[in-house]
Every structure is written in structure tokens, then in C-alpha cells.
Amino acid sequence: MFKTPSLHWSSSLFYLFLIFVSVIVAVMGSLVLIRFLTRRRIDVKEEIVQNCNIGIALVLASFIWTIGLMALETIKPIMNAWYGFFTDGVQLAGLGAFIGKVFGAMMLALLIGAFTVMMALKVLMVINRDINEWEEIKGGNTAVAIVMAVTVILVGLFFQSVVSYMVVNLFGV
Amino acid sequence: MKKNCSESLVFSAFFLATLLVMSLFFAPAKGDTVFKPSWSSGFPSDKPDPIFKKKAYRWLEADGRLLETIFIFTDELLKEALESFGVQSVHRNNTSFLLRGGYKVVDRRHSIDRGSGQLTEHIRLCIDYNAVFLKFKEKMKSYAEGIATAVSLQTDKDPLLSFLTFVQQIPYRQPPDIFHKRYINGFFVPPLCLSEGYGDCDSKAVLLADLLTSRHQQEGRLGLALIDGKGVAHSILLIQRPQLPGMSSIYADNYGRFLPVETTAPGWNPGFLSPILVDLLKEGQFRFVPFE
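For the protein sequence lines, the chains are A and B, in the order given. Numbering-wise (numbering that gives the first Met the number 0), the first sequence opens with residue 0 and increments by one. Numbering-wise (numbering that gives the first Met the number 0), the second sequence opens with residue 0 and increments by one.
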């Protein structure tokens, strides 16, 4: 494994690819999640770019952080499985199944990340039934946005290790 | 009201779907090892454990091949293995006997009793893993050759992955504190770990270290990381190999960079560990023991 040149450079490329995919999953997933949670009442681009709504930006950032953290937690188990499958160099046979598992792992990260975010927000909304958090944030209430963002990030930190263990099981370790 | 109901329904459906997906991935681990020693695994409690002289091993190599080999243990080796480490069980609390039995002092503190003014010395002992490693690294040569022959390993090829696959599939079980009337504190020296067919984290780590050293000219140093923190007590082997993308590593002053190697469960390649252990290593909650 350590003296296989093709494995060295292919592993580097694959590692960079995984980081890139994690970022894409985090950003795209967060944008879709906000649209779903707000029932498309809030146009994120318009709020951030045109209205300079810091509250929306904070909440979006917390979503990206949480989902991105979940996606990044999948990278080590995926690389462990990568080296296990391709010890003597990358072979085409089995590569398709491996890529499928990688895709499954990323979707798992997105699913758990989205569930974590939704659960955090649900808890907050149940506690504060008299406040419509999204309307407040849309109206420019940065304080509510900060509370939401911190709650999402904290719950995400608790669930961070779950993703890693589940991906390890996915690859049969 | 209707919006609240539909929102709750969506949330509940999403929650149930996630639970279903999670339950699929928390299924019992697939592919139990086929590592089956040739004797019965039960030991009668009222009879002394027999020392085995011959043992057949079957294990699954990384490429899917089912391999088999037979190890023979001479009386002299087993006797030496038994007597080289540990003390008679009656002396288990005697520091001087323990120091002669393969332990070393890792911490020494003094305290003074305020009432009587008496000075008391507190000594913390630990197994001298380096001494055990050095003692058996030549004696494990024939067993390393046996594994290499079974794997059809070329002479110039790094045996790390093959030996690691073998050791990981040795059943994980805590050795007894008392073994053949000797206090061994739950640690099997490498010949005993192989002859008994099971071992815990430190037993298997030292076994792998000796197999690697006896078969292959070392590319770099070996070491042991004794992790102790947050309720976790674990030992992992440290090896010096190039760090590939995604791998964790530890840097030890005066010794260089090491990759951690997990020996207790199949599927962990060099440089990869359970996330809990990675966190503990990052926090420095371990003691580094070089093999030299």
C-alpha cells in the first residue's frame, strides 16, 4: 500500500474530491432546507444580497456548518474503506460499487444533518410558541437568528460522531 | 391549525424515515471472522488450563482468500513465555517482585501524613512492553514466516497489511489476571497470545510488533500508544510509514511521525481509528512507549 505510486496520487485526488463534495452537499443542502422549512416564504438570495439580512445569513451559516460537519465526518471512514479496497492500486472492478457507497455515505450525512437541524429548530419553536422565528428573522431580528444559529450548531456537535459510526457500518468495518 | 398538522405530519414522516435508515445501518456487523482455532473454546473451571503445543489458524485475507496455517509451540518456548513475564500469584502485591517480573516504574510520588509526619512513597507500575518486545522479536521469526508463507508474501514486500489482517482476526478477549498460577495482569506475551488464540489490545499490539520486526527489516521505528482518558483504556501500535491522505498520525519528539494501527478489530487500515480514540490522541491523553 505504501509503495504503490498509483494509490498515492489517486488517493490525493479522491480525498480532494470528497472535501469538494462535502462542501457542495453542505451549501446546496442548506439552501434547500431553508426553502423547505420556510415554505419558500423566504428567498435566501434576495434577503442576503439585496436586503443584507444578517439574521438569514447567520442561520444559513449555521445550517452549512452543521451539514458540512456531518459530511466531513464521513471522509475518514470512506478513506479507510478506499485503502482497504484498493491496496494494490485502483482497479475498475468494484470501483462502481465503491462510488455508490460513497454517494450513500454523503446522502446519509445530508439526511442526518437535515434531521439534526430540523430537530433543533422544532425544539426551539415548541419552547417559543408565541414567536414566529422565521418572520422575525425576515423582519431583521438578528437576536432571534443568533439564538437559532447557536441552537442548530450545538445540536449538530452532539450528533457529529453518529455519522462517522454509521458510515463505518455502511462500509462493513 | 391545518398548517400545524401538516407540518407535524411532515416532521414525523421525516423522523420515521430517518429512524428506518439508521436502523438499517446499525445492523450487526456483517461477515463475522472465520478465525477458528482448532480446539474447543470452553475451558473447564475446575481444571488447570492446558498449554497448547500445536494450533491451526484460519483467517480471511484482505483479498478474500481463506488461509490456513499451523503453529507449533515447543515446551521450551511456552515455558520461557510463561516465566519471562509476571510473578507468582502470591507476590502480586509485592513491588520488588513485580519489578523483576516485567514491570517498570512510571510514576513515583511522595506524601506526608499530617498527623504522624510519616513519609509514604507511592509508586505506579506499568508493564515494560519494550522489554517484552525485545525478548521475543527473534523467537517469533518462525511464526512470521508461517504467516508469510500462507499469504504467499514476497520477501521484499511490506508484510504490514498481511500481518495486521491476521492479528486483527485473532479473537479479542481479556486474558486472565492469573494464568497457570502466575499473575500476568491480563497481558499475554506474544507466544502465549498465539498459543492461546486470543488476546486484548496490548497483547495483540506487541504480538504484531514482534511479527513485523522478526520477518521484515524495519523501515522505521515501532511504538505503543497507551491511551487512557474519558473512561477509555486502550493500546494501539504505532508504526513509521508514509502518511497517505486521510490517515491520522502522531508526532513523538525525538522519534518522528507514527501512524496508529488498530489491532483489536478487523477492517481498520493503518492510520485509521475509531473517532473516540482519534479525539483522545489529539488531546494528548496517551503515553508513548518506543520499541527500541
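Cβ coordinates follow ideal geometry from the N, Cα and C atoms, glycine included.
Alpha carbon of residue i to alpha carbon of residue j, nearest angstrom
| i | j | result |
| --- | --- | --- |
| B:V150 | A:L15 | 34 Å |
| A:M124 | A:V31 | 20 Å |
| B:N92 | B:V188 | 20 Å |
| B:R64 | B:A147 | 14 Å |
| A:G99 | A:F84 | 14 Å |
| A:Y164 | A:I77 | 11 Å |
| A:G95 | A:N168 | 19 Å |
| B:K186 | B:I177 | What sits at residue 186 of chain B in the sequence shown is Phe, not Lys. Those two C-alpha atoms are separated by around 10 Å. |
| B:F257 | A:V24 | 33 Å |
| B:P269 | B:L210 | 16 Å |
| A:M69 | B:F132 | 40 Å |
| A:I111 | A:V162 | 7 Å |
| B:L59 | A:F102 | 28 Å |
| B:Y142 | B:E291 | 21 Å |
| B:A130 | B:G101 | 7 Å |
| B:S37 | B:F72 | Any reading at B:S37 must be qualified, since the residue scores a pLDDT of 37, below 50, and its modelled position is unreliable; no value is offered. |
| A:I47 | A:I53 | 7 Å |
| B:D106 | B:G116 | 22 Å |
| B:I275 | B:C200 | 16 Å |
| B:V166 | A:E45 | 59 Å |
| A:L143 | A:M118 | Per the sequence shown, the amino acid found at residue 143 of chain A is Val instead of Leu. The alpha-carbon atoms of A:V143 and A:M118 are separated by roughly 17 Å. |
| A:S29 | A:F157 | 19 Å |
| B:R123 | B:S110 | 14 Å |
| B:A61 | A:V116 | 39 Å |
| A:L36 | A:Y82 | 39 Å |
| A:T150 | B:P265 | 38 Å |
| A:V154 | A:K137 | 23 Å |
| A:R40 | A:T141 | 18 Å |
| B:G245 | A:S9 | 12 Å |
| A:H7 | A:I18 | 17 Å |
According to DSSP, residues forming a beta bridge with residue i
| i | result |
| --- | --- |
| B:T119 | B:S110 |
| B:K54 | B:F70 |
| B:L223 | B:L236 and B:V288 |
| A:A96 | Bridge partners of A:A96: none, in fact. |
| B:F178 | B:R181 |
| B:I249 | B:F257 |
| B:K103 | B:C125 |
| B:Y171 | B:G198 |
| A:L91 | In DSSP, A:L91 forms no bridge with anything. |
| A:Q49 | For A:Q49, which the question treats as bridged, DSSP gives no partner whatsoever. |
| B:L59 | B:L65 |
| B:G228 | B:V231 |
| B:V86 | B:Y182 |
Option in the options with minimal Cα separation from residue i
| i | options | result |
| --- | --- | --- |
| B:Y254 | B:L243, B:N268, B:G245 and B:Q239 | B:Q239 |
| A:R38 | A:S5, A:E134 and A:N79 | A:E134 |
| B:K229 | B:L223, B:E144, B:F287 and B:L280 | B:L280 |
| B:Q284 | B:Y250, B:S247, B:I226 and B:S273 | B:I226 |
| B:L193 | B:P265, B:H90, B:F70 and B:P289 | B:F70 |
| A:V22 | A:I63, A:L12, A:N140 and A:R34 | A:I63 |
| B:D74 | B:V260, B:Q87, B:K53 and B:L66 | B:K53 |
| B:E67 | B:L77, B:Y56 and B:R220 | B:Y56 |
| B:D278 | B:V288, B:A264 and B:P259 | B:P259 |
| A:T65 | A:M27, A:R40 and A:Q90 | A:M27 |
| B:V288 | B:I275, B:P274 and B:A208 | B:A208 |
| A:M0 | B:H121, B:L160 and B:E261 | B:L160 |
| A:M105 | A:Q49, A:I126, A:V166 and A:S10 | A:V166 |
| A:A148 | A:L120, A:S160, A:A113 and A:I41 | A:L120 |
| B:G196 | B:Q168, B:Q242 and B:D62 | B:Q168 |
| B:L221 | B:S213, B:I126, B:L206 and B:L237 | B:L237 |
| A:N79 | B:W267, B:D127 and B:V86 | B:W267 |
| B:G85 | B:L206, B:I122 and B:I126 | B:I126 |
| A:S196 | A:T86, A:A142 and A:I18 | Residue 196 of chain A is absent from the structure shown; chain A starts at 0 and stops at 172. |
| B:L272 | A:V116, A:E72 and A:T3 | A:E72 |
| A:V146 | A:G93, A:F158 and A:I126 | A:I126 |
| B:S83 | B:F135, B:E120 and B:G114 | B:F135 |
| B:E79 | B:H90, B:T119 and B:M139 | B:M139 |
| B:K203 | B:E261, B:R108 and B:E120 | B:E261 |
| B:E144 | B:R286, B:L15, B:S213 and B:S11 | B:S213 |
Residue i Cβ short of 7 Å to the ligand FAD heavy atom set
| i | result |
| --- | --- |
| B:F186 | Looking for the ligand FAD in the displayed structure turns up nothing, as the structure carries no ligands at all. |
Segment contact, 8 Å Cβ cut-off, at least three pairs: the segment 221-237 of chain B with the segment 174-185 of chain B: no
At least 3 beta-carbon pairs within less than 8 Å: the segment 89-109 of chain B vs the segment 138-157 of chain B: no
Segment contact flag, the segment 130-150 of chain A with the segment 47-60 of chain A, C-beta cutoff 8 Å, min 3 pairs: yes
Three CB pairs or more closer than 8 Å across the segment 240-252 of chain B and the segment 168-176 of chain B: no
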